[in-house]
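Participant: First, the structure itself, so that you have it in front of you.
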Amino acid sequence: MLMRMLCRAGLHDSAMAVFDCMRSDGHSIDSASYGFLLLSFAEAGKIDSVKHIIGKVHGSEIQMSSHICNTILNLLVNRDQVHQAISLFKEHLLLHASPDTWTLNILIRGLCRVREIDKAFQLFNDMGSFGCSPDIVTFNTLINGLCRVKEIDRGHHLLKEVQSRCDVSPDVVTYTSVISGCCKLGRMEEASLLFEEMNSSGIRPSTVTFNVLINGFGKAGNMSSALSMYDKMLSVGCYPDVVTFTSLIDGHCRVGQVNEGLKLWRLMSARNISPNAYTFSVLINTLCKDNRLHDARECLRQLRWTDIVPKPFIYNPVMDGFCKAGNVDEANIILAEMEEKGCRPDKLTFTILIIGHCMKGRMMEAMRIYNKMLSVGCAPDSITVNSFVSCLLKAGMANEAFHIRQTALEGLNLGLSSLNRAVPATMNADILVAV
């Protein structure tokens, strides 16, 4: 009871002291308390303490349940502590728990997650020695892992192996993983054949299946096939989601059909499907490239009233467009909106604004923005510094240019050679450097 209270209060060191004292006095621990301690210390990230507790409680006294074992391993894998999970399993858990198929699936998923596919297959091949048999989750995990590292042919081969087995059968996840892998490599004909094979096998495609195909066709510039797949999706009663619409919008934008993208944008709203950050980014980028700044600006206004916490890459193209058009005041307003949404400007944001103000001759405002960049801990790179110094020289502000250059060299550890290539060491105010 005391150990539980201490763990819940975050006092794990004190809980460990009570545990050690209890063991020294010869007291045993019940399975419920044992499991609670292991999970609590694992959740707190104290894996050495987990090993200590396991070592103190001998297997003859109490057996760890597979549920506790799997929960700890799953926790570590989800935290990207895959190698710690493998080490804990081999050195400690194997001695005190009986692994099951789910145990091995967790570890295989972890190894695939860190792209150690060959080690995942070694574990797969060793499953029999642990008294376990692979299930469809095992195969799906391996196939997905192979496709993530672009080993599509091996993934397809494993799919065929699953088809030939009598103990497992491929499901929608199996097929979707291979289809997704083919789409990412632009192998759309192969992806289409797998889709037809999947349907012929009586396996109903999911929204994810349709999404990967629509996205693949869109990226390949084949919008007729992407739209055909969208129609099939609706015909089988599969509901499109934000990924579906974003993929279609992206596809239209890639082939220069931004107006079609805007139609889909409005259709999303009619279907009560909220756009995500990537939807905004795709449309805004394309509108800016087409010099439709006011349409892009309207998208940003809509973004203000969403719950999305955006990234700078959404705002930067619009600010860049307005700065190039000479409207730095609008760019400043966008910066304020961006910060109001909790989005911190990045290096590119500051560079756009600094150069934009310089091109309008507003050098002191550019200096203020540069100083703000430094004060928020956003270190400029050689491109930012070289561009700003060039602008200052053109404006006849040699002293300020020299100060910026020296600050960059001394305080920000920018490469001396990259700065010297663009800015003369003498900093002669008569030298004009083109921006």
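Using UniProt numbering, the letters of the sequence shown correspond one by one to residues 1 to 435.
Note that beta-carbon positions come from the ideal geometry of N, C-alpha and C, so glycine has one too.
#1: Going by alpha carbons, who is nearest to Asn74 out of Val57, Met64, Trp102, Met268?
#2: CB-CB under 7 Å to Asn70, same chain, minus the five flanking residues each way: which ones, in chain order?
#3: Rounded to whole angstroms, what's the CA-CA distance from Ser14 to Leu6? Just pull it up for me.
#4: Do you know how far the Cα of Pro312 is from the Cα of Ile143?
#5: Reducing DSSP to helix, strand and coil, say where Tyr230 ends up.
#6: Is the CB-CB distance between Leu39 and Ile72 below 8 Å?
#7: I believe Phe280 touches Leu303 by the beta-carbon criterion, under 8 Å. Please report the beta-carbon distance rounded to the nearest angstrom.
#8: Please work out which residues of its chain come closer than 6 Å, Cβ to Cβ, to His252, disregarding the five sequence neighbours upstream and downstream, and give them in chain order.
#9: Given a threshold of 16 other Cβ atoms within 10 Å of its Cβ, counted over all protein chains shown, does Leu414 qualify as buried or as exposed?
#10: Using the beta-carbon count (16 or more within 10 Å), is Val376 buried or exposed?
#11: Under 8 Å between C-beta atoms, does Cys112 make it to chain C?
#12: Compute the beta-carbon to beta-carbon distance between Val82 and Leu111, rounded to the nearest angstrom, for a pair I have assumed lies under 8 Å.
#13: Pop quiz: Val173 and Asn140 are said to be a contact at Cβ under 8 Å. What is the actual Cβ separation, rounded to whole angstroms?
#14: Check whether the segment 320-336 and the segment 276-293 touch, using three or more Cβ-Cβ pairs below 8 Å as the test.
#15: What's the call for Leu193, buried or exposed, on a 16-neighbour Cβ count within 10 Å?
#16: Which value, in whole angstroms, describes the spacing of the CA atoms of Arg165 and Ile136?
#17: Taking 8 Å as the cut-off, decide whether the C-beta atoms of Thr246 and Val208 are in contact.
#18: Going by C-alpha to C-alpha distance, which of Val77, Lys184, Leu88, Asn78 sits closest to Ile47?
#19: For Trp305 and Lys341, I'd like the C-alpha separation in whole angstroms.
Facilitator: Per the coordinate set shown:
#1: Of Val57, Met64, Trp102, Met268, the residue nearest in Cα terms is Trp102.
#2: Here the set comprises Trp102, Thr103, Ile106.
#3: So the two alpha carbons sit approximately 7 Å from each other.
#4: Roughly 35 Å between the two C-alpha positions.
#5: Residue state for Tyr230 is assigned as helix, using DSSP reduced to three classes.
#6: Yes, they are a contact pair.
#7: About 6 Å separates the two Cβ atoms, so the contact holds.
#8: Answer for His252: Glu260, Gly261, listed in chain order.
#9: Residue confidence is low: Leu414 scores 48 on pLDDT, short of 50, so the model does not pin down where it sits. No coordinate-derived value is stated.
#10: Burial call: exposed.
#11: No chain C appears in the structure shown, which is made up of a single protein chain.
#12: Taking 8 Å as the upper bound for CB-CB distance, Val82 and Leu111 are in contact here, some 6 Å apart.
#13: Contact flag correct, Cβ pair sits at about 5 Å.
#14: Yes, since at least three Cβ pairs between the segment 320-336 and the segment 276-293 fall closer than 8 Å, the two stretches touch.
#15: With fewer than 16 other CB atoms across the displayed protein chains lying within 10 angstroms of its CB, Leu193 is exposed.
#16: Inter-residue distance for Arg165 and Ile136 is about 11 Å (C-alpha atoms, whole angstroms).
#17: No. Outside cutoff.
#18: That would be Leu88, whose Cα lies nearest to the Cα of Ile47.
#19: One C-alpha to the other measures close to 9 Å.
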